[in-house]
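Notes to accompany the following structure.
Residue numbers (the working numbering): 425 to 536.
Laid out in structure tokens, this is it:
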């Protein structure tokens, strides 16, 4: 009977290859971790690399005011639901469909 088990390392290597084929830059996680050569998180529990996220939001949305970007960050960082699986679904929707950030226009109106 064939062995259909897949091991974590095999999955990780396959995923890294897939991302590289899609032209994503991959980085060895310990380099970004506390004490690494280029730390981007203060604690191992930090899941989101905040500065990278801020840079991406600015790059993807060059015409939005800082207030809108701050609202988007808040929506990403503050979970809406106590259930992890629900928060993961909400986060996936934000990634694929975008975030409805709210900000005040120069004429005083609130825009979304």
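The beta-carbon is built from N, C-alpha and C at its ideal position, and this holds for glycine as well.
| Item | Value |
| --- | --- |
| Through-space distance from residue 521 to residue 455, alpha-carbon basis | 31 Å |
| One or two residues paired with residue 538 in a DSSP bridge | For residue 538 there is no data in the structure shown, the boundaries of the chain being 425 and 536. |
| Spatial neighbours of residue 462 in its chain, beta-carbon cut-off 7 Å, leaving aside the 5 residues before and after | 455 and 456 |
| Backbone secondary structure at residue 504 - three-state DSSP | coil |
| Minimum length 4: unbroken alpha helix (DSSP H) runs contained in the segment 459 to 505 | 474 to 484 and 490 to 501 |
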